[in-house]
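*Asks:* Each residue of the sequence shown is one higher than the one before, counting from 0 in numbering that gives the first Met the number 0.
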Amino acid sequence: MRKTVTVLGLAAAALAPAVAVAAPPVLASHRAVYDISLAEADDGTDVAGVSGRLVLEFTGSECAGYTSKLRFVTETEGADGMSQVTDSRSSTYEAADGQTLDFNNETYAGDVLAEQSEGTANRDGGDVSVALTRPGKKTFAINDTVVFPTQQMERIIASALDGDAFVSFAVYDGSESGETVFDTAGVIGRVSTANDAADEPVVASAGIAGMRHWPVTISYFDQSGVGEETPFYVLSFVVYENGVGRSMRIDYGDFSLSGKLTRLDLLPEPPCPTGGAGEGASKDQ
0 MRKTVTVLGL AAAALAPAVA VAAPPVLASH RAVYDISLAE ADDGTDVAGV SGRLVLEFTG
60 SECAGYTSKL RFVTETEGAD GMSQVTDSRS STYEAADGQT LDFNNETYAG DVLAEQSEGT
120 ANRDGGDVSV ALTRPGKKTF AINDTVVFPT QQMERIIASA LDGDAFVSFA VYDGSESGET
180 VFDTAGVIGR VSTANDAADE PVVASAGIAG MRHWPVTISY FDQSGVGEET PFYVLSFVVY
240 ENGVGRSMRI DYGDFSLSGK LTRLDLLPEP PCPTGGAGEG ASKDQ
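(1) With a threshold of 6 Å on Cβ separation, who are the neighbours of I217 within its own chain once the five nearest residues in sequence on each side are excluded?
(2) Apply the 10 Å Cβ neighbour rule to N194 and answer buried if 16 or more other Cβ atoms are within range, or exposed otherwise.
(3) What first and last residue would you give for the beta strand (DSSP E) that runs through L160?
(4) How long is the line joining the alpha carbons of G109 and T85, rounded to whole angstroms?
(5) Does S223 come out as helix, strand or coil in the three-state DSSP assignment?
(6) I'd like to know if the segment 194-204 and the segment 247-254 are in contact, where contact means that at least 3 CB-CB pairs between them fall below 8 Å.
(7) Which two residues bound the contiguous beta strand (DSSP E) that contains S90?
(8) If we call anything under 8 Å between Cβ atoms a contact, is E307 one with P270?
(9) Is there contact here, the segment 30-39 with the segment 59-66, by at least three beta-carbon pairs under 8 Å?
(10) Which one of S90, T192, V111 and R52 has the shortest CA to CA distance from P148?
(11) According to DSSP, simplified to helix, strand and coil, what is S204?
(12) Checking 8 Å against the spacing of the C-beta atoms, do V243 and A95 come in under that value?
(13) Would D143 and D126 qualify as a contact pair, given that the criterion is a beta-carbon distance under 8 Å?
(14) Provide the residue(s) that pair with Y306 in DSSP beta bridges, ordered along the chain.
(15) Work out the CA separation of D79 and N241 for me, nearest whole Å.
(16) Would DSSP call E74 helix, strand or coil?
(17) From L265 to G97, what does the alpha carbon distance come to, in whole angstroms?
(18) Where does G97 sit, in a helix, a strand or coil, going by DSSP?
(19) Considering only residues of the same chain and omitting the five flanking positions on each side of R70, which have a CB-CB separation below 6 Å?
(20) For G64, name the three-state secondary structure that DSSP assigns.
(21) Can you name, in chain order, every residue of its own chain whose Cβ lies under 8 Å from the Cβ of A169, other than the five neighbours on each side?
(22) Is DSSP giving F231 helix, strand or coil here?
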């Protein structure tokens, strides 16, 4: 289930610059709650039911950088009637200029720590250098064309605003063991300003129902994969111009999960100090 945490950084994600974006979209600070359920399961799969909740808090600005905190808890029932609770926790800080990503991720299976990653990725003029502190100390380099999660969301929305139907990025977010880079291929649907979220009324309550939004589908591939490539997972969602996401579906191949937006709080955002964006881009702000 850790993969769902990865992609919901987009909607925070929810859900960057390989090439320069002249005017990145303004992403809204917000807290979102999604109810998770099993949408579909193939015959023969071991998954009989899934229930859970995902809570996402995304804050920041183009001058202070962006912080994302996510908690994702699910209970999965197997075909044998046994159940397993999975608790994934993720926190990231992304510098406003896209040069630095700090990440800390933990996934528990029951009470057992099943997976963790903590470290920092820095663009240093060449490749992106990554320094891991957990699960063990390690340094390595990845290609400088990778984008970080907030940058990816900015890129998707900017492409949607430009009328582009297809996007592709290599994405690094520090998930899994901290060493995975995902190749992504996305399809952006037609723009709408209709209030078409009747089953997610919190969108209207938050006052963004008439904001421009697009259906988006993104396939994630493990860059280290060999042979015939099938997606690691496929994420579908509706994204608003301010970065809020709803109507999620996460397809793992043999089963799919749905995420219904049940609470949305738009959070206050402090103005940038005199001097404009890019100044004071510190995670301590």
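Just so you know, even glycine gets a beta-carbon here, dropped at the ideal spot from N, CA and C.
*Replies:* Concretely, from the data shown:
(1) Around I217, the same chain offers T183, G185 and L234 as residues with beta carbons nearer than 6 Å, after the five sequence neighbours per side are excluded.
(2) Exposed, since its Cβ has fewer than 16 Cβ neighbours within 10 Å.
(3) Where L160 is concerned, there is no enclosing beta strand (DSSP E), although the alpha helix (DSSP H) it sits in stretches over P148 to L160.
(4) Going by the C-alpha atoms only, they are around 6 Å apart.
(5) Residue state, collapsed to three classes: coil.
(6) Between the segment 194-204 and the segment 247-254 there are fewer than three C-beta pairs closer than 8 Å, too few to call the two in contact.
(7) For S90, the enclosing beta strand (DSSP E) stretches over residues S82 to E93.
(8) Because the chain here runs from 0 to 284, residue 307 falls outside it and cannot be looked at.
(9) Contact check between the segment 30-39 and the segment 59-66: fewer than three CB pairs, one atom from each, fall below 8 Å, which does not count as touching.
(10) Checking every option, the nearest Cα to that of P148 belongs to S90.
(11) Helix.
(12) A95 is positioned such that its CB atom lies no closer than 8 Å to that of V243.
(13) A contact, by the Cβ cut-off of 8 Å.
(14) Absent from the model: residue 306. The displayed extent of the chain is 0 to 284, so no value can be given.
(15) Their Cα atoms are separated by approximately 43 Å.
(16) In this structure, E74 counts as strand in the three-state DSSP scheme.
(17) Answer to the nearest angstrom: the Cα atoms are 23 Å apart.
(18) In the three-state DSSP reduction, G97 falls in the coil class, being neither helix nor strand.
(19) Excluding sequence neighbours, R70 sits near V54 and R88.
(20) Note: G64 maps to strand in three-state DSSP.
(21) Closer than 8 Å at the Cβ level, and outside the excluded window around A169, lie A17, N142, T144, V145, V146, V180, F181, D182, T183 and Q222.
(22) DSSP places F231 in coil when its eight states are reduced to three.
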